[in-house]
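Have a look at the structure below before the remarks.
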Amino acid sequence: MIELDNVAYSYGGGELLSGITFDMQPGSFHFLTGPSGSGKTTFLKLCYGALVPTAGHVRLFDRDVRGMTRDDIAMARRRVGVVHQDVQFLDHLPVADNVALPLTVSGRTKIDELANLKELLSWVGLKSRADALPPELSGGERQRAALARAVIMSPDVILADEPTGNVDWEMSQRLLRLLVELNKMGKTIMIATHDLALIRAAKTQVQARVLRIANRQLQLAGADL
Amino acid sequence: MIELDNVAYSYGGGELLSGITFDMQPGSFHFLTGPSGSGKTTFLKLCYGALVPTAGHVRLFDRDVRGMTRDDIAMARRRVGVVHQDVQFLDHLPVADNVALPLTVSGRTKIDELANLKELLSWVGLKSRADALPPELSGGERQRAALARAVIMSPDVILADEPTGNVDWEMSQRLLRLLVELNKMGKTIMIATHDLALIRAAKTQVQARVLRIANRQLQLAGADL
Amino acid sequence: MKFTPSDMLSMLVGDPQADRMVPPTGFTARLTVITAAIMAFLAVFALALSLAAGRLADRWGEELARSATLRISAPAEQMADQTAAALRVLETTAGVASARALSDDEQRALLEPWFGPDVPVDTLPIPQLIEVIEGDPGFDAQGLRLRLQAEVPGAVLDDHTRWRRPLVEAASRLRLLGWTSIALIFAAMAAMITLAANAALAANAQVIAVLRLVGARDSYIAQAFVRRYTLRALSGAGIGMLAGLIAVALLPAAQAEGGFLTGLGFTGPGWLWPLIIPPLAAVVGFVATQAAARRTLRELS
Amino acid sequence: MKFTPSDMLSMLVGDPQADRMVPPTGFTARLTVITAAIMAFLAVFALALSLAAGRLADRWGEELARSATLRISAPAEQMADQTAAALRVLETTAGVASARALSDDEQRALLEPWFGPDVPVDTLPIPQLIEVIEGDPGFDAQGLRLRLQAEVPGAVLDDHTRWRRPLVEAASRLRLLGWTSIALIFAAMAAMITLAANAALAANAQVIAVLRLVGARDSYIAQAFVRRYTLRALSGAGIGMLAGLIAVALLPAAQAEGGFLTGLGFTGPGWLWPLIIPPLAAVVGFVATQAAARRTLRELS
Ligand SMILES: Nc1ncnc2c1ncn2[C@@H]1O[C@H](COP(=O)(O)OP(=O)(O)OP(=O)(O)O)[C@@H](O)[C@H]1O
Ligand SMILES: Nc1ncnc2c1ncn2[C@@H]1O[C@H](COP(=O)(O)OP(=O)(O)OP(=O)(O)O)[C@@H](O)[C@H]1O
Ligand SMILES: [Mg+2]
Ligand SMILES: [Mg+2]
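Just so you know, the sequences run in chain order A, B, C and D. Following the working numbering, the numbering of the first sequence begins with 1 at its first residue and continues without gaps. Following the working numbering, the numbering of the second sequence begins with 1 at its first residue and continues without gaps. Following the working numbering, the numbering of the third sequence begins with 1 at its first residue and continues without gaps. Following the working numbering, the numbering of the fourth sequence begins with 1 at its first residue and continues without gaps.
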């Protein structure tokens with residue numbers, strides 16, 4: 001689905017990531033860890049075409065990112081649900097509309113999708129806040145809304161950057177369960193997180209692999225967790 | 001230092017917090033927990049005068065918030081270091097200037113303060129990023145910069161809202177150590193967090209008390225952690 | 001990038017869903033509307049000024065161009081004959097709409113400023129004046145002079161060229177001034193609407209980033225903004241134009257005593273001219289927002 | 001809220017540290033500068049128009065007001081005596097700067113348009129004309145008429161009132177038009193700068209929130225913005241004014257043949273007028289930003 005082939009990335013100074021080769025298999029479940037500032041967000045951005053590698057090749061659904069037009073990228077994004085680390089919304093639209101945004105922009109606003117929306121909102125605990133505006137949400141509520149927005153299209157891949165940084169343990173378990181369910185439906189999941197307890201919990205439910213960014217390289221973390 | 005006397009708060013709907021009475025003793029170390037959306041951020045905002053209670057009284061350094069002018073509030077804020085949950089900076093100034101901002105606006109830019117700044121930046125691991133602009137920071141780097149900005153004035157009280165949500169375990173230990181040091185110097189600390197491991201770690205270093213918001217009330221959590 | 005009117009139309013009727021993506025109010029939205037309104041208001045005044053200048057210039061040019069004077073100096077006894085002969089010549093001259101000998105009273109009125117009310121016109125050897133009104137394609141002054149020379153030796157044709165030249169020059173200067181000011185105001189209007197649309201888009205960078213993140217295509221995003229801001233420029237300019245028209249209509253003494261200087265205002269079909277302002281503002285808003293949206297989008301991956 | 005000039009000055013020289021708190025570039029910053037520039041440019045043109053209209057009005061009013069004609073009709077043998085008598089009367093009349101009998105040639109030139117070049121002025125019973133140039137406080141036409149009646153029975157004083165009235169009215173209309181347009185442009189300039197400053201502040205809401213969070217006082221925050229935007233309005237208006245002056249100076253045929261219509265442009269001390277535009281823009285920018293900053297701050301706890 002998403003392939004990185006000897007990829008390097010630099011924001012202008014030294015190389016932040018280099019020589020990264022990685023093939024995201026359909027139906028896999030990955031965690032991404034690494035110290036703060038090691039390049040997890042950068043790695044995810046490479047994976048959904050927000051950044052173009054300074055060396056090497058990124059292939060998104062078998063097409064090289066460099067050769068894709070802006071519209072190609074837009075179409076690919078409909079198959080990739082992303083939870084940003086700093087979640088952003090359309091601040092003038094209520095939460096429900098924001099969560100449904102991917103449906104709206106791709107012209108899919110059928111009745112059954114909307115039923116889906118309600119169920120999703122209550123799963124992430126935002127049923128009572130569905131009519132609130134995003135600036136009126138708490139930090140954790142924003143993260144949950146962002147996760148709901150990322151999965152509403154039922155995309156092939158879900159990339160979540162620190163989706164549980166601001167939610168309590170119970171809620172993070174609930175969100176994890178949602179992602180595990182989706183993974184069991186065949187979706188590919190990658191979660192960047194610092195929360196080792198979350199990774200441990202996930203390992204009991206699903207066959208998750210842990211990637212670690214260290215020294216500009218992507219490594220498969222062993223059983224040391 | 002900060003006293004809440006039978007305080008209630010509502011954003012317009014039902015009451016979010018009610019009948020909260022709390023006296024923050026100088027030199028104390030508190031954690032604040034509670035489910036996402038329970039009102040932790042709201043509580044902290046009441047504590048530094050960003051919100052005025054809908055009922056009851058908040059006293060900031062022995063003055064009722066309702067009777068304070070805007071300039072009084074500004075002066076009180078110089079004695080309270082705040083780490084917002086959604087950290088914001090002046091995006092056009094480098095990190096170092098942003099961290100030194102409280103000094104600048106209060107007219108304190110002496111040499112020794114600047115030496116202090118360097119030390120602080122290297123403690124939070126931002127020495128190499130001191131000249132970067134805030135939008136170029138990673139999520140964890142932003143949080144660390146915000147913490148550094150909150151403590152640079154060596155304020156009497158430090159209120160931190162989820163200051164470790166985006167940093168790795170090692171770094172969060174490092175930040176905790178900084179706060180514990182400050183507490184040992186007599187500063188009053190309150191940290192809102194979901195990270196139970198952090199609370200446990202703190203308890204080994206300092207006599208920390210854990211407050212919990214549940215059912216609109218503030219409760220002292222027992223030894224159940 | 002090129003835009004045909006049909007592009008513009010399809011954008012304007014386009015997806016009402018996309019419309020909701022753009023914040024409906026806020027300072028930047030008001031900025032566009034109010035800017036368009038103010039500039040349209042000024043443009044109405046510039047138009048009024050320009051049209052008034054044009055009218056004035058036309059009148060000066062025309063009044064003088066369309067009339068000529070034939071002066072017949074002859075011994076008293078031949079005067080009537082020569083006058084009749086001259087009128088005959090003029091009647092058969094192509095390009096002369098009408099010709100008429102001035103009566104004694106009229107001649108006296110003309111002379112009055114110089115000689116007082118009691119000029120003895122009948123006893124004085126004053127030449128007879130014939131007023132010649134030119135037709136539309138005008139007459140050939142040189143040819144007429146030759147014919148007159150042959151048939152009415154005492155006639156001198158004065159086609160007012162000497163008087164006309166400086167007035168026509170002044171009038172065309174006035175016209176130039178009017179069009180300069182209108183060009184300036186329109187250019188300023190375009191610049192201001194462009195600025196406002198750009199500022200509005202800059203303020204909405206987050207909206208654009210979010211839409212792009214959830215897989216909206218560039219054309220969808222651009223359309224949402226372009227539609228909004230085009231309509232805002234249109235409605236703002238419409239309001240400004242109406243306000244301007246009302247103000248011009250209320251201007252003191254606008255059309256009174258129209259004698260020498262016509263009032264600042266619109267006459268007849270001139271009232272239709274300001275109607276081009278709102279569509280013009282809309283086109284400017286459209287092009288500016290389109291360009292700004294594309295530029296903002298290109299900066300975003 | 002009231003601002004004295006000294007408030008404004010102290011703000012402007014104020015803390016250069018605070019200055020850094022406001023983003024130096026970006027669209028909203030440019031918006032303020034360019035808006036001020038465009039409106040100043042237009043204001044220069046409005047000023048030029050207004051001053052030119054004023055000059056024209058003055059000239060029309062003055063040329064006609066300052067001269068009068070005395071017409072002496074008398075039998076040929078008394079003409080010289082009466083003329084001399086009239087000149088004596090005029091010489092002793094307060095408010096008459098000079099008086100001069102027209103020569104035969106001059107009289108002929110005046111009559112030429114009507115009678116052709118060969119009017120027999122000497123043999124005709126044409127009245128003698130005396131040109132009277134008024135002094136500064138002007139003469140009392142009624143009194144002069146009475147004196148002339150007694151001493152020069154054949155004299156008729158024509159002080160051109162009849163000619164003057166419509167021209168003076170037209171001129172004052174032109175002046176009104178000039179000042180209306182200048183008032184409009186200045187009002188539009190103020191409105192646009194206010195809008196731009198407001199939009200800029202709205203775009204900088206985060207800066208204000210951060211400063212407030214770290215304990216900056218309202219006056220500090222307001223000052224940082226006010227200083228920046230006042231300087232931006234000032235410099236923008238300065239640039240626009242210079243561009244406007246250059247454009248006006250380059251305007252085709254501005255001062256040539258100044259005959260009937262003076263060129264659109266400045267003359268003598270008129271060049272100093274546009275200098276008020278930048279300070280005016282600065283004051284508008286100051287007041288607008290001050291008000292907008294206070295309003296934004298009040299909404300923030
Ligand atoms: N736009 C940018 N320009 C320059 N440097 C950048 C930019 N964005 C990120 N960086 C730098 O690149 C490094 C990696 O950033 P990234 O956001 O990928 O880290 P991360 O692993 O996600 O960290 P965190 O866990 O704190 O979110 C950081 O040191 C950051 O300062
Ligand atoms: N400005 C606002 N207007 C209306 N409701 C608000 C506003 N701010 C917060 N709320 C609501 O108040 C509740 C408490 O918010 P608060 O931010 O205090 O929660 P929190 O405990 O900090 O949660 P988290 O752990 O997710 O940050 C939430 O349900 C939120 O939606
Ligand atoms: Mg990150
Ligand atoms: Mg919170």
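Think of the CB as a built atom: it goes at the ideal place given N, C-alpha and C, for glycine as much as any other residue.
Practice item. Kindly give me the distance between the Cβ atoms of Ala-76 (chain B) and Gly-49 (chain B), rounded to whole angstroms, as I take these residues to be in contact under 8 Å. Key: 6 Å
Check your understanding: How about Gln-25 (chain A): is its C-beta nearer than 9 Å to some C-beta of chain B?
Key -> no
Review point. Which residue or residues does DSSP assign as beta-bridge partners of Ala-191 (chain C)?
Key: None, per the DSSP bridge assignment.
Check your understanding: Which residues in the same chain as Ile-189 (chain A) place their Cβ atom closer than 6 Å to its Cβ, once the five residues preceding and following it in sequence are excluded?
Key -> Phe-29, Ile-158, Leu-179 and Asn-183
Review point. Between the Cα of Met-21 (chain D) and the Cα atoms of D:Ala-52, D:Ala-222, D:Ala-237 and D:Val-44, which residue gives the shortest distance?
Key: D:Ala-222
**Study point:** Delimiting residues of the beta strand (DSSP E) encompassing Gln-88 (chain B)
**Key:** First-last for Gln-88 (chain B): undefined, no H or E at that position.
Review point. Is Gln-85 (chain B) near ligand 2, in the sense that its beta carbon is under 8 Å from a heavy atom of that ligand?
Key: Distances taken from the Cβ of Gln-85 (chain B) to the heavy atoms of ligand 2 include one shorter than 8 Å.
Point to revise | Residues whose Cβ lies closer than 7 Å to any heavy atom of ligand 4, in chain order | key: A:Ser-138, A:Gly-139, A:Gly-140, A:Asn-166, B:Lys-40, B:Thr-41, B:Gln-85, B:Asp-161, B:Glu-162 and B:Ala-192
Practice item. State yes or no: is the C-beta of Tyr-11 (chain B) nearer than 8 Å to some heavy atom of ligand 2? Key: yes
Exercise for review: Determine the DSSP secondary structure at Ser-301 (chain D), reduced to helix, strand or coil.
Suggested key: coil
Exercise for review: Please check the pair Arg-149 (chain A) and Pro-102 (chain A), which I expect to be a contact at CB under 8 Å, by giving their CB distance rounded to whole angstroms.
Suggested key: Contact between Arg-149 (chain A) and Pro-102 (chain A) holds: CB atoms are separated by about 6 Å, below the 8 Å threshold.
Review point. Does the separation of the CB atoms of Met-189 (chain C) and Val-287 (chain C) fall below 9 Å?
Key: no
**Study point:** Span of the alpha helix (DSSP H) around Ala-172 (chain A)
**Key:** What sits at residue 172 (chain A) in the sequence shown is Ser, not Ala. Unbroken alpha helix (DSSP H) run through Ser-172 (chain A): 169-184.
Exercise for review: Name, please, each residue of chain D whose Cβ falls closer than 7 Å to the Cβ of Ile-34 (chain C).
Suggested key: Leu-195
Check your understanding: Residues of chain A with CB under 8 Å from Tyr-220 (chain C), in chain order?
Key -> Val-105
Review point. Just by C-beta distance, which residues in the region 224-241 of chain C are closer than 9 Å to chain D?
Key: Within the region 224-241 of chain C, no residue qualifies.
Point to revise | Close-in-space but distant-in-sequence residues of the same chain around Lys-118 (chain A) (CB under 6 Å, 5 per side omitted) | key: none
Review point. Ser-181 (chain D) touches chain E at which residues, Cβ-Cβ below 8 Å?
Key: Within the model displayed, chain E is absent; protein chains A, B, C and D are what it includes.
Review point. Quick one: is Trp-123 (chain A) near chain B, going by C-beta distance under 9 Å?
Key: no
Review point. Is Leu-304 (chain C) close to chain D, meaning its C-beta is less than 9 Å from at least one C-beta of that chain?
Key: With chain C covering only 1 through 301, there is no way to say anything about residue 304 (chain C).
Review point. Going straight from the alpha carbon of Ala-74 (chain D) to that of Gln-107 (chain C), what length do you get?
Key: Using only the alpha carbons, I get a separation of about 21 Å.
Point to revise | Contact list for Leu-31 (chain C) against chain D, beta-carbon separation under 7 Å | key: Leu-195 and Ala-199
Practice item. Report the three-state DSSP secondary structure of Leu-218 (chain A) (helix, strand or coil). Key: It is a strand residue.
Point to revise | Residue from C:Ile-72, C:Ala-76, C:Gly-95 and C:Ala-97 with nearest C-alpha to Ala-85 (chain C) | key: C:Ile-72
Check your understanding: What are the start and end residues of the beta strand (DSSP E) that includes Glu-3 (chain A)?
Key -> 2-9
Check your understanding: Any heavy atom of ligand 1 closer than 8 Å to the CB of Asp-168 (chain B)?
Key -> Within the cutoff, so yes.
Check your understanding: Who are the near neighbours of Ile-38 (chain D) in its chain, counting only those whose CB is closer than 7 Å to its CB and skipping five residues on each side?
Key -> Gly-240
Exercise for review: Quick one: list the residues of chain C neighbouring Ala-188 (chain D), beta-carbon separation under 7 Å, in chain order.
Suggested key: Ile-38 and Leu-42
Check your understanding: Taking Cβ-Cβ distances shorter than 9 Å, what residues in chain D pair up with Ala-203 (chain C)?
Key -> Those are Phe-27, Thr-28, Ala-199, Ala-202 and Ala-203, listed as they occur along chain D.
Review point. Given that a residue counts as buried once 16 or more other Cβ atoms are within 10 Å of its Cβ, and exposed if not, what is Met-1 (chain D)?
Key: Bear in mind that the predicted position of Met-1 (chain D) carries a pLDDT of just 44, short of 50, making it too unreliable to give a figure here.
Review point. For Ala-216 (chain D), which residues in chain B fall below 7 Å Cβ to Cβ?
Key: Chain B residues near Ala-216 (chain D): Ala-74 and Val-105.
Check your understanding: So what's Phe-29 (chain B) in DSSP terms, helix, strand or just coil?
Key -> strand
Check your understanding: Exposed or buried, which one is Tyr-11 (chain A) when buried takes at least 16 other CB atoms within 10 Å?
Key -> That one is exposed.
Check your understanding: Using a Cβ-Cβ cut-off of 6 Å (strictly less than) and excluding sequence neighbours within five positions of Ala-36 (chain D), which residues of its own chain qualify?
Key -> Ile-193, Ala-233, Gly-236, Ala-237 and Ala-281
Practice item. Put Gln-128 (chain C) into one of helix, strand or coil per three-state DSSP. Key: strand
Exercise for review: In angstroms with no decimal places, state the Cα-to-Cα distance between Leu-314 (chain D) and Asp-81 (chain D).
Suggested key: Coverage of chain D is limited to positions 1 through 301, which leaves residue 314 (chain D) absent and any answer about it impossible.
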